[in-house]
Each structure stands twice: as C-alpha cells, then as structure tokens.
C-alpha cells in the first residue's frame, strides 16, 4: 500500500476507481470540480467511462440508467448542483438504485460562496427531494476518510440498493494530505437479480418508481421504511474522543469534528472535562452514541458551519435532557479552536475553571 | 389450419390502457414487430417516459426502466454507456421530450448518443388532461390555451425533428404518421431503420410519430384522424429528414 500526497477531491476520485466504479457522470462546479477532472484523466485507463452531462439533472439520471444495469456509478457536485439533483435522488431511492453521490458543500443559500460550509445538512439528511425517502450520508473529516468512506459508500449502496451520499466541504475537498491508497476488499453483497441487461434466458424485468394503485403504493412505502429501519439499526457510525469521563460534550461532524478534537485537548489542559462525539453517518444519525450520556452529561455544544441544523438531531438524541447550545460560523468562515472553547466556557459558566488554569496546567 | 398472422412477440400481451382512437397502440405494435424482426428483444432495454405511455414498460417484452418526466434520454445515455452492446430506446411523448426534456433531446443528438428515440406527438400533454405543449399548433385550443394558442404570446410550435436534424450526431431523423395503412408501413420502415442505425453504431436515431388524442382534442377517433391530416401534417415537415448511406443500403 502506498501513501501519496493528494487533494481531498482527488482522494474521492481515486477511491472510486479502486472501488470498481466504472462510470462517472458529472458537471463541473467549484469546489468539487477536481473529481470530474481527475476521473476524466484516470478512469478510462481503468476501463471506465466519464461523460460530462449537459447539466446536473442529466448527470444524476445518467447515473440512474447506469445503476439500473448493475454497474458501479458515481456523480459529484456542490450545493447548487446538488439542489438540481434532488429530483433524481428521490427517483433513485424509489427505484432502489445504488449510486454514490458526492456533495462538496459550498456556502449557501443561492449561489453562495466557495468556503467550507455545512449548510446542506438538512437537505442531505432529511430528504431534499420529494417523498419519504432516505439516503445514507457519510461525513468524512480528513482526506484519508474521503478515500475510505468513498470506497465503503459503493458497498453500502450495493448492500442496501440505495443512494449513498458523501458530504464534504470546500476545506476537505481542496486540502492536500497524505492518503494511503488501499485496494478494494471485495465484500459479499446481495445477488444482482434485479438488474437490466437484456432478458436472455429469463423473464423480462422492469425498474420503475410509480404506483398508481394506493394499496401497492402503501406496500412500497412500508417496504422502503423497513429498509430504512434496518439501516438505522445497523449502520450508525460515530467517533468518540475523551467521552469516558466527560461532563460536557462537543458535537461536530466533518471539518468541525476535526477542529473539535483540538478544542477538547485545550479544554482538558484547563481542567474542563470536555469530550467530543463526531457523527460519521449523518443519516442514520448516530443516536446510539448519545444514549450512554443522556443522564451524565451536563451540557452540549454543537459546532456547525450553518445556522444550526444538526443541533435538532442532537437534541432529539439526548431527548433534551440537558442544555444544547450552538456555536456556528457561516458563509464560508471556519471557527478557530479558541473561540469554540471560549463559547463553551461562557455557555456553561466555567469561567472559574478557566481562571485557575491560566498557566495551562492540568488540575 | 395455417396461422398466417399472430401477435408480435415484442409485446407482452398486457392490454393497452389507451383511449379509443389513440394511436399509441399502433406505435407499440410497430416497435414490437421491429424488435421481433431484428431479433433484438432479448438485447434491448427500453426507457419509459412520464405521460400516457408511462405504463408501456409493462407492454413491451424487453427489459424496461421508467424515467422521471423528460429524463428518459439521460437515463438511456446511462444505460447505453454502461452496456454499449445492448440496444437502448426511449419512448416519449411530445410534452415529455420537447418541453421539460428538451436539454437532453438536444444533447443526446449533439453527442451522437447511440440510442433510438421514438417521440409520439399528439400536440398536447395527454396524461394530465390536454394542456398546451411546445408542439401545440397555432390557434389550437387546449385547457391552458382555452382561446387558442396565441403564437405572439406562446411562440410557434417546435418542429423537433427539424431541430434535431441540424445536429451532426443525429444520423437518422424521420417524421412519420400512422393515420393510414400506407403511412403505418412507412412509419414501420422508419422505426426499423432507427433501430438498424443503432445496431450499426452510427449515431443518434430519432423518429417522430404524429398521433391522435381524441379524448383531449374533443373529437371522435375518425375526426381526430382528419384533424391530424388536415392540421398537423402540414404544420410539420414529414418524411425522412436524414438517412445515412449505410441504412439506405440495407
């Protein structure tokens, strides 16, 4: 296994190649464009095809068509482009087609800005498109995870016949870090007994998302929800950092989860028992991570690059048993570790602890 | 007794749900027969639209995938790029392809996407109850042009085959009708060629088929055919607009 210095977006693209992705349909948009560029250069050499669609809508439906043949396929975009793909996300979920979709979140709303933001949390985790559907959402916090999670996304998509989202941001997508290029570990996946590849020697198959008979419609909805329940039970993922003895928790994903670790270490130097829960799956939200702490934690600060979106899921996860505050930066701005700690100290009235530890020693 | 005519194996036998006097059934049968004659049923993947033909995926004997409204050609592109050795076709109404799907209509032609598209043009949105489409004729009354299409307000109808024929990637383009037995034979020849073009890998093949919509036109099936002949056929350029030499030779 080799370790190379690579841009976050390129790590996603290389992971797709290694994962056996054979088709990529995309449309350029900053800050995710390096994905289509890297794949245009390298995927054909690996026996794959990259086609630049006429728009984001075409690209997601090209993925829909390719996925219907049982071929591993991916698209990548950024926030305004992801909005355009929402109709397709709903259709992919309804037709139960495995597609990996990358959203390198830029600051919104509207055309917004290019800086790191997490303002698409609701859109990515709560549906976005029409209807009661869910997409699995993975939130990497460093280049190695962009690589690892992208590889895994293809397996999850195939395992559950469901679209899987990689939700990153401009900071993660544009940053260069060393990444270990791992080879695909082929996992046992369900048989592809549903794909369209010509009906030679078998009954014809069809893939469709409609049901104009209400009884059939309800049966479909119940089947989809049963699948989502199964995913919720089996696939919640998170990372914990200094949570064992924590009195207070930070909660942040992606870039914020990464910064949160420094905040926790700094807090500990000042005698504050702060821990971190970093959600890795945003849907299903890792409720299980919070269950052991519902009765022991005194307060929580969610750190988000939006006006406060994940905080709703955190409050539900802890059943509002303790105060949950939001520290947020928006519009492409990132919080420094000191300002987060200062906010937490103020929010939980920990100023005494801070004063007795001005030299930074542990108590 | 010798059997001299039978139902095509290109159709499943699922009863058509179309209104009396609608020509979707004829066009379905033509495609079924063409797939049977070219022996491609087991190699074909069809893409269904949203609209009256949205249920056609039950009616053809080949594999089928249902697309979102207007997106059939993007879906077909994905299927074809994944399985270049398969025959891929879209079956779409004029509202589906010429309104919401227009970007894809232009770009599959521009790319010379090796798929076949059959557009059924009845000059209205049929499934939703007869609204104005980009193909609605000047002065034609629909539920959203109740005083007749005003071309100074809504623009002139789009003659999609003419537009598509300007793009080099579209190698076979035809505009046909199924209003008479003679024209049905001509339509079948055109549709067959549109599939042969794909078999030969020459580029994008497009056939527009003029169709009736007695229900939404408010006419009897017989009067609908007359209206198609008197109003629609003069408004659209008819016949084969583009034929590659390789197909002429077949």
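Protein chains in written order, with the numbering used here: chain V, 873 to 1235; chain Z, 140 to 389. Think of the CB as a built atom: it goes at the ideal place given N, C-alpha and C, for glycine as much as any other residue. Because the structure is a prediction, the values reported are computed rather than measured.
Residue from the options whose Cα sits closest to the Cα of residue i
i, options, result
"residue 298 of chain Z", "Z:148, Z:373, Z:202, Z:214", "Z:373"
"residue 883 of chain V", "V:1110, V:1190, V:976", "V:976"
"residue 1061 of chain V", "V:1080, V:1028, V:924, V:920", "V:1028"
"residue 1169 of chain V", "V:1121, V:1180, V:1204, V:1144", "V:1121"
"residue 1075 of chain V", "Z:329, Z:384, Z:200, Z:265", "Z:200"
"residue 1222 of chain V", "V:941, V:1119, V:1186", "V:1119"
"residue 253 of chain Z", "Z:211, Z:310, Z:267, Z:155", "Z:310"
"residue 904 of chain V", "V:886, V:948, V:925, V:928", "V:948"
"residue 167 of chain Z", "Z:259, Z:226, Z:140, Z:237", "Z:259"
"residue 177 of chain Z", "Z:359, Z:355, Z:339, Z:367", "Z:339"
"residue 269 of chain Z", "Z:282, Z:277, Z:257", "Z:282"
"residue 1182 of chain V", "V:1050, V:1155, V:888, V:1163", "V:1155"
"residue 301 of chain Z", "Z:237, Z:357, Z:285", "Z:237"
"residue 171 of chain Z", "Z:244, Z:160, Z:145", "Z:145"
"residue 1158 of chain V", "V:1008, V:937, V:1050, V:959", "V:1008"
Simplified DSSP assignment, three categories, for residue i
i, result
"residue 980 of chain V", "coil"
"residue 1150 of chain V", "strand"
"residue 368 of chain Z", "helix"
"residue 202 of chain Z", "strand"
"residue 266 of chain Z", "coil"
"residue 1178 of chain V", "coil"
"residue 253 of chain Z", "coil"
"residue 260 of chain Z", "strand"
"residue 1157 of chain V", "coil"
"residue 194 of chain Z", "helix"
"residue 407 of chain Z", "Nothing about residue 407 of chain Z can be reported from this structure: the residues present for chain Z run from 140 to 389 only."
"residue 271 of chain Z", "strand"
"residue 988 of chain V", "strand"
"residue 993 of chain V", "helix"
"residue 1164 of chain V", "helix"
"residue 305 of chain Z", "coil"
"residue 324 of chain Z", "helix"
"residue 230 of chain Z", "strand"
Distance between residue j and residue i (C-alpha atoms, nearest Å)
i, j, result
"residue 973 of chain V", "residue 950 of chain V", "10 Å"
"residue 946 of chain V", "residue 279 of chain Z", "44 Å"
"residue 821 of chain V", "residue 194 of chain Z", "Residue 821 of chain V lies beyond the range of chain V shown here (873 to 1235); nothing can be said about it."
"residue 369 of chain Z", "residue 362 of chain Z", "10 Å"
"residue 1136 of chain V", "residue 1112 of chain V", "11 Å"
"residue 380 of chain Z", "residue 345 of chain Z", "10 Å"
"residue 1206 of chain V", "residue 347 of chain Z", "55 Å"
"residue 965 of chain V", "residue 1005 of chain V", "6 Å"
"residue 174 of chain Z", "residue 999 of chain V", "40 Å"
"residue 1214 of chain V", "residue 1123 of chain V", "16 Å"
"residue 874 of chain V", "residue 155 of chain Z", "59 Å"
"residue 1225 of chain V", "residue 910 of chain V", "Unreliable placement is indicated for residue 1225 of chain V, whose pLDDT of 49 sits below 50; the coordinate value is still reported in the next sentence. Cα to Cα, residue 1225 of chain V sits roughly 50 Å from residue 910 of chain V."
"residue 1229 of chain V", "residue 1195 of chain V", "For residue 1229 of chain V, the predicted structure reports a pLDDT of 39, less than 50, and the residue's modelled location is therefore unreliable. The matter cannot be settled from this model."
"residue 296 of chain Z", "residue 164 of chain Z", "25 Å"
"residue 1012 of chain V", "residue 933 of chain V", "26 Å"
"residue 885 of chain V", "residue 971 of chain V", "14 Å"
"residue 1099 of chain V", "residue 1176 of chain V", "29 Å"
"residue 1081 of chain V", "residue 962 of chain V", "9 Å"
"residue 1167 of chain V", "residue 221 of chain Z", "53 Å"
"residue 907 of chain V", "residue 1002 of chain V", "27 Å"
"residue 191 of chain Z", "residue 1132 of chain V", "55 Å"
"residue 376 of chain Z", "residue 1079 of chain V", "36 Å"
"residue 267 of chain Z", "residue 189 of chain Z", "10 Å"
"residue 293 of chain Z", "residue 284 of chain Z", "9 Å"
"residue 148 of chain Z", "residue 1093 of chain V", "34 Å"
"residue 308 of chain Z", "residue 1019 of chain V", "38 Å"
Notebook entry, point to check: Closer than 9 Å, Cβ to any Cβ of chain Z: which residues of the segment 918-943 of chain V, in chain order?
Noted result: 921, 923, 925, 926, 927, 929, 930, 931, 932, 933, 934, 935, 936, 937, 938, 939, 940, 941, 942, 943
Is there contact between the segment 979-995 of chain V and the segment 1041-1053 of chain V, where contact requires at least three CB pairs shorter than 8 Å? yes
Should the segment 177-186 of chain Z be regarded as contacting the segment 1064-1077 of chain V, the criterion being three or more beta carbon pairs within less than 8 Å? yes
task: Please confirm if the segment 916-932 of chain V is in contact with the segment 888-895 of chain V, defined as three or more CB-CB distances below 8 Å between the two stretches.
output: yes
Listed in chain order, which residues of the segment 1062-1077 of chain V have Cβ atoms closer than 7 Å to some Cβ of chain Z?
-> 1068, 1069, 1070, 1071, 1072, 1076, 1077
Query raised in the report: Taking Cβ-Cβ distances below 9 Å as the criterion, which residues of the segment 896-909 of chain V are in contact with chain Z?
Result: 897
Requested in this report: Inspect the CB distances between the segment 258-275 of chain Z and the segment 232-239 of chain Z and report whether three or more fall short of 8 Å.
Outcome: yes
task = Quick one: which residues of the segment 953-965 of chain V get their C-beta closer than 9 Å to a C-beta of chain Z? List them in chain order.
result = 959, 960, 962, 963
Taking one C-beta from the segment 1186-1203 of chain V and one from the segment 1135-1144 of chain V each time, how about it: are there three or more such pairs within less than 8 Å? no
Name the residues in the segment 998-1029 of chain V whose C-beta lies less than 8 Å from a C-beta of chain Z; which are they?
none
* Give, in chain order, every residue of the segment 334-354 of chain Z whose Cβ lies closer than 8 Å to some Cβ of chain V. => none
Q | the segment 954-972 of chain V in contact with the segment 990-1000 of chain V per 3-pair CB rule at 8 Å | A | yes
To be precise: take each residue of the segment 208-222 of chain Z, compare its Cβ to all Cβ atoms of chain V, and keep it if any distance is under 7 Å. Which residues remain? 210, 213, 214, 215, 216, 217, 218, 220, 221, 222
Name the residues in the segment 232-244 of chain Z whose C-beta lies less than 8 Å from a C-beta of chain V; which are they?
242, 243
| request: Decide if the segment 348-359 of chain Z is in contact with the segment 236-253 of chain Z; the criterion is three or more beta carbon pairs, one per stretch, under 8 Å apart. | output: no
Give, in chain order, every residue of the segment 1079-1099 of chain V whose Cβ lies closer than 7 Å to some Cβ of chain Z. 1079, 1080, 1081, 1082
Contacting positions in the segment 246-277 of chain Z - beta carbon closer than 7 Å to chain V:
246
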